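Be aware that the sequence shown starts at 559, since it is given in the numbering used here, and climbs by one per residue. All C-beta atoms, glycine included, are put in the ideal place defined by N, C-alpha and C. Since this is a predicted model, take the numbers as computed values, not measurements. Working notes, structure below.
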Amino acid sequence: MRTSCLLIFMTLLLLDPPITSQASLPDQIQDSFLSPPMDCFPHTRWWWPGSAVTKDEITWELEQMRSKGIGGVEQISMGPVYEKGNIEYLSDEYLEMAKHTVAEAKRLGMEVSFNFGGPGWVIGGDWVPQEDRSKNLVPTQIDLKGPIVFDGPLPTELAEPSRSWEHKVPDIQATDPLVAVVAGRIEEGRIDPNSLVVLSDRAVGQSLRWEVPEGEWRLMAFWLKFTGQGAAVDHFDREAMIRYCEHVGGRYESVVGEEFGKTVDSFFCDSFEVSLVPNGIYWSTGLMEEFATRKGYDLTPYLPAVWQDMGEITPKIRYDVNEFLHEMGLEAFFDPFIDWCEEHGIKGRIQPYGFTTDNIEAAGRTHIPEMEITAGEKDAVPWFDTRIGPKKYVSSGAHLYGRNIVTTEAYTYLHWRPFRSTLEELKIASDIYFRTGCNKIYHHGYVFHPERDISLAPSSDSAMRIDPTNVWWDYYPHLSSYLARCCHLLRQGHFTADIAVYSPLANQWTKDVLNARRWTRDFDWGSLGKLLVANGYDFDLLNDDTLQNRATVEDQQIWVGDLGYKIILLPNIEAMPLETLQFIEQFVLDGGVAIALERVPDQSVGLTDW
């Protein structure tokens, strides 16, 4: 369906009185458009450096926000940054400040969302016991030439960091659990899958005795290693996450629980910026056994394929591991958090990317999915960015799984400097969020400023300064009122599009397990999004879960609830699940249109029934 010029229309309404009768618009929508409710006004991420806050300053800053058209706050703490005055996160003194914040926000008609990790944005804290902390599966290796007798310590030296999200940790220690030992013959530069031998039961402690057959062999040991990232919680340990929710949520509930679902509208989880050890993948205790239960085969002999080429079996193993980690991430992290929120009458808001889970399905699991990435964030000025990226994944998940509110972390890293952006640039950036499916703004942000008459509060270049320190603060209400009207109108009705674009995640799962931190798993969308939008067409990304379990075919369209798609585009992929292909075949036989771009996929996924 060709998109309307909705944003231009709304801008004209704000600039000039209408010259034609508005009788065709429902009175309620017209009235609320002129005076939108406060929850439609932009909210702000509110940094508390060191949580060094006072009740008087909390009141003053909330009143400043309210006077400029900010409808709520997302409070997030930073670690100690001052010589004195810092307040320990979740301490009684901190909770007293949180209680005062909620009381003042209620008085002012504002909403409060609390970040669920702290201090900082990664889910974790120093109260998390060692066994509940984030872990990786990491390999070490040594090449051997047989025939010889290898009798000595297993390799313990880790690789050097090679990706931006990896950080250096000590080599394997005596306390690091050994998960498996596997060896394989090297043939023509890669491991021969028919030669694999499991040696785990021959290991004694961290040593091994093995009679190496003739030829070139690679001996690999696989270890469970703590990431060393502070006290990030183990995202694959459901019980650890439940304990975490009970502790953090329980502390807040003890002081502001009566406002859950009212003034306190949500708890927030930022994008998954959990570090990895070099060459590691997200993992946890007991996952080898769980993998065998779910997939029907023992992963142990195939572990080398996660890291190294073993021929045509490699993409099958990598798909299975990625799909398994997707399932575990949903069940062990998303579900406990969302369940706890539902049990306590509050919403869970999550940025669902940068993790092992499917961005689309994870967005659908979330009460309030959130997007980010400001067009122009690393360039001179923002532009009307229609590329396919995390924003489109999140909004598609919201559409497909029935989530009416989609928030955004707006303006992060715009210009990479806090005071360079103009209100005009913020308006441009906002419009692309709206076009992509956002209908609630959390701008980034406002920094608590206890010494506002002396110096700027500590912050980082990631955050815009939308607060009294900015020269255009007094003029911000012109933008906030525009944003409120857009958000309100964009919550009416439901999304429509003629085109579905198949999500290439299954294809990407066959290629790499180590890139879970990459928000689109390194798929190159090229100019497809720009091409469609420039020609007047909007679209959703459809994932395998939707096509296999929730979609139907009727009247030559793919239907997902009230959403109907006349065309499905297959991007440049080689592989897809057989069940998805069979659904698309049914759609085409019913008269629907499927268009494969660049090539027709010709490979299945997964090892089962291969």
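Among residues of its own chain, excluding the 5 on either side of residue i, which ones have a beta-carbon nearer than 6 Å to its beta-carbon?
i, result
"GLY995", "SER953, VAL964"
"ASP701", "ARG776"
"GLY819", "GLY903, ILE904"
"ARG743", "ASP750, SER753, GLY773, TRP775"
"ILE896", "GLY906"
"PHE1053", "HIS957"
"GLU848", "none"
"LYS626", "TYR1034, PRO1035"
Between which two residues does the alpha helix (DSSP H) carrying residue i extend?
i, result
"LYS985", "981 to 994"
"LEU695", "No alpha helix (DSSP H) holds LEU695; the beta strand (DSSP E) holding it covers 693 to 711."
"THR659", "650 to 666"
"ALA732", "No alpha helix (DSSP H) holds ALA732; DSSP gives it neither H nor E."
"ALA1042", "1034 to 1048"
"SER590", "585 to 592"
"LEU1139", "1136 to 1147"
"ASN644", "No alpha helix (DSSP H) holds ASN644; DSSP gives it neither H nor E."
From residue i to residue j, what distance separates their C-alpha atoms?
i, j, result
"ILE946", "THR1078", "9 Å"
"GLY527", "TYR1033", "Residue 527 falls outside the range modelled here, since the chain spans only 559 to 1168, and no answer is possible."
"GLU715", "VAL727", "11 Å"
"LEU592", "GLN586", "10 Å"
"ALA1152", "PHE1145", "8 Å"
"ALA890", "ASP597", "31 Å"
"PRO910", "PRO927", "7 Å"
"TRP768", "ARG760", "8 Å"
"GLY912", "GLU1009", "36 Å"
"LEU887", "ASN1028", "Position check: residue 887 holds Gly in this sequence, whereas Leu was assumed. About 40 Å."
"TYR877", "TRP841", "16 Å"
"GLN622", "THR970", "21 Å"
"ARG1157", "VAL740", "37 Å"
"PRO940", "VAL680", "28 Å"
"PRO873", "GLU1132", "11 Å"
"PRO1035", "GLU646", "34 Å"
"THR785", "LEU736", "15 Å"
"GLY1149", "GLU804", "52 Å"
"PHE672", "SER824", "7 Å"
"PRO687", "ILE1126", "48 Å"
"GLY922", "VAL762", "46 Å"
"THR843", "GLU797", "12 Å"
Following the continuous beta strand (DSSP E) through residue i, name the residue where it begins and the one where it ends.
i, result
"TRP618", "Taken as a continuous stretch (DSSP letters only), TRP618 belongs to no beta strand (DSSP E), being part of the alpha helix (DSSP H) at 613 to 625."
"GLY630", "630 to 635"
"ARG603", "601 to 606"
"TYR1004", "998 to 1005"
"GLU669", "669 to 673"
"TRP781", "765 to 784"
"ALA521", "Residue 521 is absent from the structure shown; the chain starts at 559 and stops at 1168."
"ARG743", "736 to 745"
"GLN1153", "The sequence given here has Ile at residue 1153, not Gln. It spans 1151 to 1154 - the beta strand (DSSP E) in which ILE1153 sits, taken as one unbroken run."
"GLU967", "965 to 968"
Would a C-beta distance cut-off of 8 Å place residue i and residue j closer than the cut-off?
i, j, result
"ALA1055", "ASP1011", "no"
"PHE977", "ARG1023", "yes"
"ALA1074", "VAL1163", "no"
"PRO771", "PRO862", "no"
"HIS1001", "PRO600", "yes"
"TRP605", "MET636", "yes"
"GLY869", "THR1166", "no"
"THR1138", "VAL1118", "no"
"ALA1154", "LEU1136", "no"
"ILE986", "PRO894", "no"
"ARG1049", "ASN1130", "no"
"PRO697", "MET778", "yes"
"LYS703", "LEU782", "no"
"VAL639", "PRO607", "yes"
"LEU972", "LEU1037", "no"
"ARG603", "ILE634", "yes"
"HIS793", "VAL832", "yes"
"ARG809", "LEU695", "no"
In chain order, what residues of the same chain lie with their CB nearer than 8 Å to the CB of residue i, ignoring the 5 residues before and after it?
i, result
"LEU572", "Here LEU572 scores only 38 on pLDDT, less than 50, and its place in the model should not be relied on; the value that follows carries that caveat. Only SER1039, TYR1040, ARG1043 meet the Cβ criterion."
"ALA663", "LEU620, GLY630, VAL631, GLU669, VAL670, THR821"
"SER720", "PRO836, ASN837"
"ARG748", "GLN866, ASP867, MET868, GLY869"
"ASP1080", "GLN1066, LYS1069, ASP1070, ASN1073"
"TRP1030", "THR980, LEU981"
Going by beta carbon distance, what residues of the same chain come within less than 7 Å of residue i, once the five residues before and after it are set aside?
i, result
"ILE931", "GLY947, PRO948, LYS949"
"HIS884", "THR914, THR915, ASP916"
Check your understanding: Can you list, in chain order, the stretches of the beta strand (DSSP E) that have 3 or more residues and sit fully within the stretch 905 to 951?
Key -> If we require 3 residues or more, the beta strand (DSSP E) runs fully inside the stretch 905 to 951 come out as 905 to 908, 926 to 929.
Exercise for review: May I have a chain-ordered list of the alpha helix (DSSP H) segments no shorter than 4 residues that lie completely inside the stretch 799 to 867?
Suggested key: As far as the stretch 799 to 867 is concerned, its whole alpha helix (DSSP H) runs of at least 4 residues are 845 to 853, 862 to 865.
Exercise for review: For the stretch 1058 to 1127, list the beta strand (DSSP E) runs that are entirely contained and at least 3 residues long, ordered along the chain.
Suggested key: Runs of the beta strand (DSSP E) lying entirely within the stretch 1058 to 1127, each at least 3 residues long, are 1097 to 1100, 1110 to 1112, 1115 to 1118, 1121 to 1123 in chain order.
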